[in-house]
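All remarks here apply to the structure that follows.
Protein chains: 2
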Amino acid sequence: MREAAEPKSDAFRVQKEIFYEYLDKQGLKRTQQREVILETFLHADHHINVDQLIERVRQIDPTIGQSTVYRTVNIFLECGIAQELRLTDETRRLEPIIGNRHHDHLICTECGSTIEFFNCSLEVAQIIAASKHGFKPARHSLKIYGTCRNCQLRADTQR
Amino acid sequence: MREAAEPKSDAFRVQKEIFYEYLDKQGLKRTQQREVILETFLHADHHINVDQLIERVRQIDPTIGQSTVYRTVNIFLECGIAQELRLTDETRRLEPIIGNRHHDHLICTECGSTIEFFNCSLEVAQIIAASKHGFKPARHSLKIYGTCRNCQLRADTQR
DNA sequence: ATGGTTGCAAACCTTTTGCATCGGG
DNA sequence: CCCGATGCAAAAGGTTTGCAACCAT
Chain Z
1 MREAAEPKSD
11 AFRVQKEIFY
21 EYLDKQGLKR
31 TQQREVILET
41 FLHADHHINV
51 DQLIERVRQI
61 DPTIGQSTVY
71 RTVNIFLECG
81 IAQELRLTDE
91 TRRLEPIIGN
101 RHHDHLICTE
111 CGSTIEFFNC
121 SLEVAQIIAA
131 SKHGFKPARH
141 SLKIYGTCRN
151 CQLRADTQR
Chain P
160 MREAAEPKSD
170 AFRVQKEIFY
180 EYLDKQGLKR
190 TQQREVILET
200 FLHADHHINV
210 DQLIERVRQI
220 DPTIGQSTVY
230 RTVNIFLECG
240 IAQELRLTDE
250 TRRLEPIIGN
260 RHHDHLICTE
270 CGSTIEFFNC
280 SLEVAQIIAA
290 SKHGFKPARH
300 SLKIYGTCRN
310 CQLRADTQR
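Protein chains in written order, with my numbering: chain Z, 1 to 159; chain P, 160 to 318.
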């Protein structure tokens, strides 16, 4: 019934705790559906969209309605265990936030692959740049579009 | 009939040339509607959305259909005189690209205001960060969310 | 004359919502 | 038992598309 839930379960303990505490705090209920959706989301692709999530959820329990998935995803966003991501002009994708490991994205416009990275001096430079405008930064989203290593190599060999 | 078209017309010469050259190159036609939509877009708010653009276009020529505006906006995006912008989770907005003056955005989560800025060392830091992953950057989108100066002051005085 | 363009309405896609029923605490 | 949660279908945005008439070249 549940697939691949136990093996990695410890890795997502933090997210689950945050989610269930948020439910409690808001007077919301811990239902079977929400558990299935949470498990599925945490074990899914890193950049999944809601449609794909619905599909996978229904592989586990076909009776779960799409509105339930949407409603649950909105709770994920509210309590901060997921964040929205728009890689290109595509539909929104969801990304689990693992701990506090913030990262930015390199997006290859050739093959569509993405690389997640974190660069400390870049973070610092952003804080400095923002404060020059009297702005107090809280979070940010940086997407760098270009060509990944593989696609550069492929272009070179084909030339 | 046409309002505020002549005064600033020189400021947008580059965009217009790019657009009309793109039309030619693609075998597309220079119609009245496209001219009105282009004028309106270039003179509109910097972060206009399509609905607002349709409204303004229809103040000039109420017979222009919404699909024509959408289709024309898509041409703007294709030929590069406009770019998409999603400030928060809101609907997409359009931003005219004036020359090559790239900029990033500071977005205040209190009042929703945005500041456009450009910071050279930030640009350099991004190129360095990308190249560490063998990635060849072409363009990027940086949005920093936080609190603007005014909202910080307001919060201080209210406390 | 020809092939792209337009306006209209309908279709589309993603997300939200109203409602009667269900179920967790 | 109560109130929130669910599934369904419908509604609600925002954007695209099919089509017959239109118009720029």
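Glycine included, every Cβ here is placed at the ideal spot set by N, Cα and C.
Only a predicted model underlies this, so the values are computations on that prediction, with no experimental measurement involved.
{"Query": "Contacts of residue 139(Z) in chain P (Cβ-Cβ under 7 angstroms)", "Result": "304"}
{"Query": "Element boundaries [beta strand (DSSP E), containing residue 85(Z)]", "Result": "82 to 85"}
{"Query": "Proximal residues, the segment 115 to 139 of chain Z versus chain P, C-beta separation under 7 angstroms", "Result": "115, 117, 119, 121, 122, 125, 126, 129, 130, 133, 134, 135, 136, 137, 138, 139"}
{"Query": "For residue 28(Z), the three-state DSSP class (helix, strand or coil)", "Result": "coil"}
{"Query": "Nearest-angstrom Cβ-Cβ length linking residue 266(P) and residue 302(P), presumed shorter than 8 angstroms", "Result": "6 angstroms"}
{"Query": "Cβ of residue 175(P) within 9 angstroms of any chain Z Cβ", "Result": "no"}
{"Query": "Between the CA atoms of residue 189(P) and residue 176(P) - distance to the nearest angstrom", "Result": "12 angstroms"}
{"Query": "Residues of its chain near residue 57(Z), where Cβ-Cβ distance is below 7 angstroms and the 5 sequence neighbours each way are ignored", "Result": "36, 37, 40, 64, 69"}
{"Query": "Through-space distance from residue 170(P) to residue 50(Z), alpha-carbon basis", "Result": "43 angstroms"}
{"Query": "Short CB-CB distance (under 9 angstroms) between residue 104(Z) and chain P", "Result": "yes"}
{"Query": "Contiguous beta strand (DSSP E) assignments of at least 3 residues, all confined to the segment 227 to 294 of chain P", "Result": "241 to 244, 252 to 255, 263 to 267, 273 to 276"}
{"Query": "Proximal residues to residue 241(P) (C-beta, below 8 angstroms), its chain only, five neighbours per side dropped", "Result": "200, 232, 235, 253, 254, 255, 256"}
{"Query": "CA nearest to the CA of residue 306(P), picked from 130(Z), 123(Z), 103(Z)", "Result": "130(Z)"}
{"Query": "Chain Z contacts from the segment 222 to 233 of chain P (Cβ-Cβ distance under 9 angstroms)", "Result": "none"}
{"Query": "Identity of the residues DSSP links to residue 175(P) by a beta bridge", "Result": "Partner(s): none; residue 175(P) has no beta bridge."}
{"Query": "Distance, residue 283(P) Cα to residue 172(Z) Cα", "Result": "Residue numbering for chain Z in the displayed model covers 1 to 159; residue 172(Z) lies beyond these limits and cannot be assessed."}
{"Query": "Residue-level contact to chain P via CB, residue 152(Z), 9 angstroms cutoff", "Result": "yes"}
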